[in-house]
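What follows is a single structure, written as structure tokens, with notes after it.
2 protein chains.
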Amino acid sequence: MPGAALVTAPSIPTVPVTPAVLDRLRAIVGDKGLILDEHDKRPFVTDWRGELTGQAAAVVRPASTAEVSAVVKLCHDNGIAIVPQGGNTGLMGGATPWPVHRGILLSLGRMNHVLHVDSVGYTMTVEAGCILQTLQDTAARHDRLFPLSLGAQGSCMIGGNLSTNAGGVQVLRYGNARNLVLGLEVVLANGDVWDGLRALKKDNTGYDLKHLFMGAEGTLGIITKAVLKLWPTPKDVCAAWLAIRDPSAAIELLSEAHAASDDNVSSCELMSRACIDMVLRHIPGAQDPLKAETDWYLLLEWSSARPRQDGGAGMSDRMEQFLADQLDAGRVLDAVIAQTETQSRNMWRIRESVAEASRAEGPGLSYDVSVAISRIPEFIDKGLKSALDILPTIRPYPLGHIGDGNVHFSFMGPKGMDRATLGQYSPAITRAVNDLITSMGGSISAEHGIGIEKLDELQHYRARTELDIMRTIKRALDPDNIMNPGKVLRLG
Amino acid sequence: MPGAALVTAPSIPTVPVTPAVLDRLRAIVGDKGLILDEHDKRPFVTDWRGELTGQAAAVVRPASTAEVSAVVKLCHDNGIAIVPQGGNTGLMGGATPWPVHRGILLSLGRMNHVLHVDSVGYTMTVEAGCILQTLQDTAARHDRLFPLSLGAQGSCMIGGNLSTNAGGVQVLRYGNARNLVLGLEVVLANGDVWDGLRALKKDNTGYDLKHLFMGAEGTLGIITKAVLKLWPTPKDVCAAWLAIRDPSAAIELLSEAHAASDDNVSSCELMSRACIDMVLRHIPGAQDPLKAETDWYLLLEWSSARPRQDGGAGMSDRMEQFLADQLDAGRVLDAVIAQTETQSRNMWRIRESVAEASRAEGPGLSYDVSVAISRIPEFIDKGLKSALDILPTIRPYPLGHIGDGNVHFSFMGPKGMDRATLGQYSPAITRAVNDLITSMGGSISAEHGIGIEKLDELQHYRARTELDIMRTIKRALDPDNIMNPGKVLRLG
């Protein structure tokens, strides 16, 4: 992962967990809630990619908000640092302790209950340790949709999703994780519980605290419960695979798709030919939906909560008309609409297998950046030039959630180049990509957050004034720096 | 307005504006930007209802962010308090200085430029002093919708809308003001400028600062610019007027309307018969769309960005089918779909004239509260009983943005009762309504904010932990308490 090598450990509290504190932790969470064995701790202190490993005196697994509160209060009173963790699926090391960490890792995994589903009011109240897929399934059983959808959904937990403001493939229509939340319960750095667990769509009573805790990666408090918004279940879904002229065509086409679909565009994923070829090479059974003479493709999905009416025009009819118009306009070169569930699943499989295929292909570099949607083509164009200037044989396979302005700007190393050699080019390419995206008013981390990996990059690229405000807030809410210390921000 | 009489002035900075400071202010904003004459200051220091009047040594009208920054820095260095103001249309006194205020009032009215419209990217970058209606019109000229829509739109300014997280009649579909924003520029309490003016849909790089400044009513900084989201212009709009069984029927019906309309419900306004009768009494030309034997009505509007196709089913066909189903289900007793623009305008005129009609009717009480949508019927039922227990001859006329859980729980005084006598009952009724809404997990201020009017109510009803977090943030970002002091929070 680019940048990791540049990161030096920040100064964090190093108060050790004494046997007396351990006894008090055991008294709060019981033997079942305490992991001390090095082997058993390993999966918690190692990030899922296996690239970062830290330490923790104990993995503490409270089963209720009261237990979380008691654990945090104990740590607070003793100056002990806490690394909160959900499903441990983050890509930036936000949930992985630093090697110099001497405090505890607090896992929310036992707080995994759905507390209430209000299908008439379109809300669901849940504990932070619920697996994302469980929440999707629970909503579906009530004929509702919980739209957060991402690769790790089988193991990531909602508390982590909210703490990192997760993105995924449905942001275009439903927004990031923070947009799916009405209320939160948070355990603060001193152990107090903030009860903001309100199921209110409107509430103008002072500062909006929930948005401060979401995306803070556990550095300001620990999210323990949430009231989530639900939507109607899509009943008429139409996916299409488009060969397009270029990225500009994708932007223009998407701009018109909003109206043509009745504002029902649910996904718009841009893929390069290199991306698709890589999946076809490595993923058994994946089939190319369309052979065309172009470098650029779109997976476009429209979905409606209204079932297709007998004799009425459904999503696929509208899509067909839209694609015909776009062919005439020269933006689309060829297109196929999924006629069956199997065809649609195959299209999605290609998109979702890119990460797996890239791991099989070999060492690479990837940048999760965003920019104003209308500037994506310019970014891709200039970004490719910059990277190829540094390493002409690098193999780009850009893709992205184009409707969100989010490009996963990705490269495979040159054929035959090993990880270490590629690593020597990585700092220069990282700097070039980040310089470019910053000069274009974009973000160096669109959806994956900061964690450990991008600590120094944020420090470098963010204006001093903005970092100062963040530090002021961090110091005010966590004066002893015990909440996930050394993540997101350097305080010193 | 209930509660106002209960509020005692909080302790705020009282450093006066010396002639030397005045000279420096003049050097920053010029003669054109400085109002010192008492008569000319009056409209700025008086709230639009004419119920609150404060003081200011000077009304300062900077024309640029650099000028705002210089003015704030000057005040900061001298400990002088600042009341920021947009269109001065708030209902809670948030933009009105306290009578003991000795500092300046900073009006954003001269910063009224639309800086950029990106119609392909669906964004618009604007200065804080732009009138809301100007922004709606600008978007419309680009075939785009800026959906914020409320009674004061002809004079309120976007900076004030964002600082108060304004609501209005399209929240159900598009969200509150905070949901319409991608980026902000804010002048901080020390005069520094935070440049968060990013047109990014995704940006996970540290704490979300923009949501902290929105809804803070100018107590943490002054919003000077914003990047706003745009939507496709509705091309197929259908309004219907429904006589319904009761508020429960409204909730059930709305729950089904999301899917039936393709998630295209744009408004769902509940009105009581008393509400409609009051409008018919006082507003010349208003016509009752439907005479029915029921106490409850809904104005339901669906809108789609997709023009009605020749021969295809448009919004009104779907609405017709939906209403037929709801008649069968017994939720709707009678209904009429607007067939012409004039009919639709008449329906909306009734809804929008309620405030004007109530002023004509005489003294009254109104509570802007919210609760989980599915609990609205219970709230209305219990709330009416509580108020009638205290004053049996009071005349309720509840209405609300029911899709947002937001009820404007309103009462006219008993016939013939003067304002002063009604005022004697007001504290007891206010307390009963607020106690009830709080016990139901609701909000005592759904969309109008806190300002001066609800300072004591927030203090009374919010949990100590939550008030403590807010105070901690306020003290951290504005240690000298110069930004709109004595609003939202009591610090002492």
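Chains as they are written, first to last, in full-length UniProt numbering: chain A, 1 to 492; chain B, 1 to 492. Ideal placement from N, C-alpha and C gives every residue a C-beta, glycine not left out.
Pull up the distance between the alpha-carbon of residue i and that of residue j, whole angstroms please.
i	j	result
Leu327 (chain A)	Ala243 (chain A)	10 Å
Tyr297 (chain A)	Ser266 (chain A)	17 Å
Arg173 (chain B)	Gln424 (chain A)	50 Å
Ser255 (chain A)	Trp231 (chain B)	10 Å
Met271 (chain A)	Leu132 (chain A)	26 Å
Tyr367 (chain B)	Gln170 (chain B)	20 Å
Ser410 (chain B)	Gly400 (chain B)	10 Å
Gly314 (chain A)	Cys130 (chain B)	41 Å
Leu388 (chain B)	Leu455 (chain B)	26 Å
Arg102 (chain A)	Ile223 (chain A)	22 Å
Cys275 (chain B)	Gln136 (chain B)	28 Å
Pro2 (chain B)	Arg318 (chain B)	Note on Pro2 (chain B): pLDDT 39, under 50, position unreliable in the model; no value is reported.
Glu378 (chain A)	Phe146 (chain B)	27 Å
Leu36 (chain A)	Ala199 (chain B)	47 Å
Pro414 (chain B)	Gly218 (chain A)	54 Å
Ala139 (chain A)	Leu182 (chain A)	16 Å
Leu422 (chain A)	Glu361 (chain A)	14 Å
Glu293 (chain B)	Asn264 (chain B)	29 Å
Ala69 (chain A)	Pro62 (chain A)	Looking at the sequence itself, residue 69 (chain A) is Ser, so the reference to Ala does not match. One C-alpha to the other measures close to 9 Å.
Glu38 (chain B)	Leu106 (chain B)	15 Å
What three-state label does DSSP hand residue i in the structure shown?
i	result
His448 (chain A)	coil
Val71 (chain B)	helix
Val21 (chain A)	helix
Ile12 (chain A)	coil
Pro2 (chain B)	Reliability of the predicted coordinates at Pro2 (chain B) is poor, the pLDDT of 39 falling under 50, and the value obtained from them is presented with this limitation in mind. Here Pro2 (chain B) sits in coil by DSSP.
Lys235 (chain A)	coil
Asp430 (chain A)	In the sequence on display, residue 430 (chain A) carries Thr and not Asp. Thr430 (chain A) falls in the helix class under three-state DSSP.
Ile482 (chain B)	coil
Tyr297 (chain A)	strand
Leu489 (chain B)	coil
Ser267 (chain B)	strand
Ile276 (chain A)	helix
Gly403 (chain B)	helix
Arg308 (chain A)	coil
Gly33 (chain B)	helix
Pro84 (chain A)	strand
Leu200 (chain A)	coil
Leu333 (chain B)	strand
Ser247 (chain B)	The question names Ser, but residue 247 (chain B) is Pro in the sequence shown. Pro247 (chain B) falls in the helix class under three-state DSSP.
Ser344 (chain B)	helix
Ser386 (chain B)	helix
Suppose contacts are defined by Cβ-Cβ distances below 9 Å. Is residue i in contact with residue j by that definition?
i	j	result
Lys201 (chain B)	Gly405 (chain A)	yes
Glu447 (chain B)	Ala166 (chain B)	yes
Met92 (chain A)	Glu453 (chain A)	yes
Val369 (chain B)	Ile444 (chain B)	yes
Leu197 (chain A)	Ala226 (chain A)	yes
Arg462 (chain B)	Gly206 (chain A)	yes
Arg141 (chain B)	Lys235 (chain B)	no
Val21 (chain B)	Asn88 (chain B)	no
Met214 (chain B)	Arg178 (chain B)	yes
Cutting at 8 Å between CB atoms, please list the residues of its own chain near residue i, excluding the five before and the five after it.
i	result
Ala189 (chain B)	Val72, His76, Leu220, Gly221, Leu477, Asp478, Pro479, Asp480, Ile482, Met483
Ile104 (chain B)	Val17, Leu25, Ala56, Ala57, Ala58, Val59, Val60, Val71, Cys75, Ile80, Ala81, Ile82, Val83
Ala9 (chain B)	Trp98, Pro99, Val100, Gly486
Go through its chain and collect everything with a Cβ distance to residue i's Cβ below 6 Å, but skip five positions before and after it.
i	result
Pro289 (chain A)	Trp241, Val336, Met347
Val237 (chain B)	Ser303
Leu52 (chain A)	Gly93, Thr96
Ser248 (chain B)	Pro377
Ala5 (chain B)	Because the pLDDT of Ala5 (chain B) is 47, which lies under 50, any placement of that residue in the model is unreliable, and the question is left without a value.
Suppose the cutoff is 7 Å on Cβ atoms and the five residues either side in sequence are ignored; what does the same chain contact list for residue i look like?
i	result
Val279 (chain B)	Ala286, Ile350, Ser353, Val354, Ala357
Gly330 (chain A)	Arg245
**beta strand (DSSP E) segments (min. 3 residues) lying fully within the region 351-379 of chain A** = 364-370
* Asked: Enumerated in chain order, which unbroken segments of the alpha helix (DSSP H) with a length of 4 residues or greater are wholly contained in the region 99-168 of chain B?
  -> Runs of the alpha helix (DSSP H) inside the region 99-168 of chain B: 132-141, 158-163.
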